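Chemist:
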Amino acid sequence: MYTQGLDQAGKSDPAGAETKAQLDAFQARVDAEEKIEAKDWMPEAYRRTLIRQISQHAHSEIIGMQPEGNWLTRAPTLKRKAILLAKVQDEAGHGLYLYGAAETLGISRDRMVADLLSGKAKYSSIFNYPTLTWADIGAIGWLVDGAAIMNQIPLCRCSYGPYSRAMVRICKEESFHQRQGYEIMLTLCRGTDEQKAMAQDALNRFWWPSLMMFGPSDAASKHSAQSMAWKIKRFSNDELRQKFIDVTVPQAEYLGLKVPDDKLRFDEETGHYEHSDIDWQEFFDVIAGNGPCNEQRMAKRRKAHDDGAWVREAARAHAAKRAKAAA
Ligand code: BYC
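Numbering of the sequence shown is given in the numbering used here, commencing with residue 117 and proceeding in unit increments.
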């Protein structure tokens, strides 16, 4: 899909070696809303920022298959199982488009995967929480995919062309994911008292981690200012978090569920919900590798990678055979 960038990655000079004229011309293109394409000149820091963000995004999609994948064999009906299977496969597809988009910046997929497996590259904090009941599958679709859409719709207008185009399809699929999650929650909330309690428990456990998906507060976000100037990000972490709260609280009310925040209050003047402070210590612990499931997620990913070694080997042998025949 993005192989146009693979024969020759975009031009850039080592960070710091760029001239002011080059940087100004680049910023003028960004300010004029021109898309930056794979072979265009770009500042080295812009390239690195994109590689960091896009590869982290791709890793999140791949690791994100695990918490939901755990429920494939336990989905309550055949229909639910087929839907969940399709959703988990979509996440794999998102990972692949995103690795493809990152490759156009001159990094190999092997390198990105190695960085994930060594723990050097991050993936979203949310996937380090366990899925304890079927209601968690509803909560993930509703809240996690809901938060993902809020964060990713603006990325469809990201200044880097290959990333922005990949996001268009991803957002369409995420929108289906969000609805299937909400529909699971609705079914549970219209069911028995026990089912409704299960839905409430899932909301209680996934609410705060979903808010943390948007990243640290603006005051603590080290990359936001530059990423917004480059129009990689269009809104700050706190702005997107607030938008998510504002649309999601009424959805919880419609379900008849209570958002687990005693300070939650709609402010008529600002038109926004006020909420309690986020436990940032928990967020930083999770991204440092100390969340409830970090070890489990990485162990499973490493095993899957090792188990797939024969496939990579066979693909390489096949490619070599074809190249030899063609020569
Ligand atoms: N988790 O300066 P900041 C999905 C890191 S997958 C872990 O604000 P930035 C789905 C951040 O990387 C959804 N780390 O950074 C899949 C940075 O560390 P480094 C994934 C986080 O980049 C399957 C440091 O904290 N979505 O939807 O300006 C099933 C400082 O942060 C997190 C994306 O990846 C976090 N939550 O803003 C269902 C979207 N937050 O790199 C659903 C694309 C921050 O300096 N990414 N960090 O070591 C983004 O939009 C931005 O990268 C972020 C962070 C808003 C996440």
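Ideal Cβ positions, reconstructed from N, Cα and C, are used throughout, including at glycine.
Bear in mind the structure is a predicted one, so any value in this text is a computation, not a measurement.
With hydrogens ignored, establish whether the beta-carbon of Ser128 is closer than 7 Å to any heavy atom of the ligand BYC.
Modeler: no
Chemist: Using 8 Å as the threshold, is the C-beta distance between Asp354 and His388 below it?
Modeler: no
Chemist: By DSSP, does Thr119 sit in helix, in strand, or in coil?
Modeler: Below a pLDDT of 50, predicted positions are generally treated as unreliable, and Thr119, at 42, falls in that range; the measurement from the model is reported next regardless. Residue state, collapsed to three classes: helix.
Chemist: Does the Cβ of Arg417 have 16 or more other Cβ atoms within 10 Å, making it buried, or fewer, making it exposed?
Modeler: The residue is buried, with at least 16 neighbouring Cβ atoms inside 10 Å.
Chemist: Enumerate in chain order the residues of its own chain whose CB-to-CB distance from Gly185 is below 6 Å, with the five nearest sequence positions on each side excluded.
Modeler: Val204
Chemist: Does the beta-carbon of Pro246 have 16 or more other beta-carbons within 10 angstroms, so that it is buried, or is it exposed?
Modeler: exposed
Chemist: Note down, in chain order, each residue of its chain lying with its Cβ closer than 8 Å to the Cβ of Gly372, except the 5 sequence neighbours on either side.
Modeler: Cys305, Lys312
Chemist: Comparing C-alpha positions only, which one of His391, Lys238, Pro376 sits nearest to Phe382?
Modeler: His391
Chemist: Taking DSSP as the reference, what is the three-state secondary structure of Glu411?
Modeler: helix
Chemist: Rounded C-beta distance between Cys274 and Met266? I'm assuming under 8 Å.
Modeler: Not really, about 15 Å apart at Cβ, beyond 8 Å.
Chemist: Quick check on Glu207: does DSSP put it in helix, strand or coil?
Modeler: Three-state result, Glu207: helix.
Chemist: Three or more C-beta pairs under 8 Å: does that hold for the region 294-303 against the region 240-260?
Modeler: The region 294-303 is in contact with the region 240-260.
Chemist: Cα separation between Ser343 and Pro332?
Modeler: 14 Å
Chemist: Starting from Phe382, follow the beta strand (DSSP E) in both directions and report where the run begins and ends.
Modeler: 381-383
Chemist: Assign Tyr245 to one of three DSSP states: helix, strand, or coil.
Modeler: coil
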